[in-house]
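Enquirer: Quick one: structure below, then a few questions.
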Amino acid sequence: MGFGFRGFQRRVNIPKGSVAVYVGENQKKRFVVPISYLNQPSFQELLSQAEQEFGFDHPMGGLTLPCREDVFLQVTSRLHRR
1 MGFGFRGFQR
11 RVNIPKGSVA
21 VYVGENQKKR
31 FVVPISYLNQ
41 PSFQELLSQA
51 EQEFGFDHPM
61 GGLTLPCRED
71 VFLQVTSRLH
81 RR
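Oh and the sequence shown: position 18 is 18 in the UniProt record's numbering, straight run, nothing missing.
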């Protein structure tokens, strides 16, 4: 199953209850995280950074977080342990 977005055909392989995010300073890597992370203060800080940098125009066509991959992995690993 795919959908057209900005002229591209993409595969949608995101489980129900999850969201795809793109992470990285230069080269973006795609991660799929539970929607429940969006309510956590540490993840909301990453979302605030994205809002400040991109507003609502995300360059990857999806939610892009302008942080280093290792920072993202630290935040999500702490949330996963909860």
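All C-beta atoms in this analysis are idealised placements derived from N, C-alpha and C, irrespective of residue type, glycine included.
1) CB Val23 to CB Val32, shorter than 9 angstroms?
2) Where does the unbroken beta strand (DSSP E) through Arg82 begin, and where does it stop?
3) CB-CB under 8 angstroms to Gln49, same chain, minus the five flanking residues each way: which ones, in chain order?
4) Quick one, which of Leu47, Leu38, Gly55 and Leu63 has its alpha-carbon nearest residue 106's?
5) Can you tell me whether Pro41 is helix, strand or coil according to DSSP?
Expert: From the atom records:
1) no
2) That residue, Arg82, is in no beta strand (DSSP E); it is neither H nor E in DSSP.
3) Leu65, Pro66 and Cys67
4) Since the first and last residues shown for the chain are 1 and 82, residue 106 lies out of range.
5) helix
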